[in-house]
Amino acid sequence: MVSGERMNWSKRSLCIAITIALCFSAVLPAHANVPDSLTEIGAARLKVFFWTIYDCYLYSEDGIYRGVEPNLTLRIDYRRRIGSKDLVDRTRSEWQKQGLYSEAAEPWLGKLSGMWPDIEKGDQLLLQVTEELASRFVFNGQVVGSISDPAFTERFLAIWLSEKSSYPAQRKQLLGID
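In terms of my numbering, the sequence shown opens at residue 6 and continues consecutively.
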C-alpha cells in the first residue's frame, strides 16, 4: 500500500509541476514575439476608471525613441475583450481628436477591419515598423497583415506617441520620459 501511496503522490506532484509549467508558458509568449535584438524604451498600462484595458510596450534597437524608424515595435497585451469593430472605430476617433483623420484614411481603416480579429483577454497585438516604414501587424505570434504606406505608420503610432495623445501620462511612460 505504501508504494501505491507514493505512486499517487508522484502522479499528483507531476500534475502540479505540469500545471505550473503551463501557467508560466501562457505568460512567456507575450515577450516571445518581440525580437531579442530590441530593447524596451518604456511601458504603460491603460486603465479607464477601475478597468485595465491593456498594457503596452515600445521597443527599438537601442532602447531610445527617435521617431518612426525601422524595427520600432509597439506591443499591446490586452486585459479585456474588445471587438474588432470597436478597435477600428477607436483608431478613427483618436485620429479625429488629433486632427489626423481625413477621408483618405478610410481605405486603411477598411484594411484594419479585415485584418484585426476580435480581441480576447490575454491576446497580443504588435505593430512592427519595417525597413520601408510600413506597418506589419502580428496577432498572437502570427502575421495578420500589413499596410505599406509610411503615412499610416506615422498616424497609427501617433495614437500613443503624439503630444496630442488622449493619454499623456501613458505616452510619457512609453517614451521613457520621467
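All C-beta atoms in this analysis are idealised placements derived from N, C-alpha and C, irrespective of residue type, glycine included.
Can you tell me whether DSSP reads residue i as helix, strand or coil?
i: K116; result: helix
i: T135; result: coil
i: S65; result: strand
i: L105; result: coil
i: S30; result: Note that S30 scores 37 on pLDDT, short of 50, meaning its location in the model is unreliable and no value can be drawn from it.
i: A35; result: With a pLDDT of only 45 at A35, under 50, the local geometry of the prediction cannot be trusted, and the value read off the model is given with reservation. A35 falls in the helix class under three-state DSSP.
i: S89; result: helix
i: F55; result: coil
i: D41; result: coil
i: I182; result: coil
i: R84; result: coil
Just to confirm, are residue i and residue j a CB contact at a threshold of 9 Å?
i: I58; j: S89; result: no
i: V134; j: T158; result: yes
i: G68; j: T96; result: no
i: K116; j: G72; result: no
i: P5; j: E136; result: The requested residue 5 does not occur in the structure, where the chain is confined to residues 6 to 183.
i: V93; j: W121; result: yes
i: W113; j: I152; result: yes
Identify, in the order they occur along the chain, each residue of the same chain with its Cβ nearer than 7 Å to the Cβ of residue i, setting aside the five sequence neighbours on each side.
i: E99; result: I164, S171
i: D82; result: A35, Y59, D60, Q129
i: R50; result: T57, D60
i: I25; result: Its pLDDT being 33, under 50, I25 is placed unreliably by the model, and the measurement read from it follows with that caveat. Same-chain partners within the cutoff: there are none.
i: S167; result: Q103
Between the C-alpha atoms of residue i and residue j, what's the straight-line distance to the nearest angstrom?
i: L132; j: V53; result: 23 Å
i: N3; j: T78; result: The chain is shown only over 6 to 183; residue 3 falls outside these bounds and no answer can be derived.
i: A48; j: R85; result: 18 Å
i: P155; j: K102; result: 20 Å
i: G119; j: F161; result: 16 Å
i: L180; j: K169; result: 14 Å
i: R176; j: S42; result: 23 Å
Should residue i be flagged as near chain B, meaning a C-beta pair shorter than 9 Å?
i: P112; result: Absent from the structure: chain B. Only one protein chain is present.
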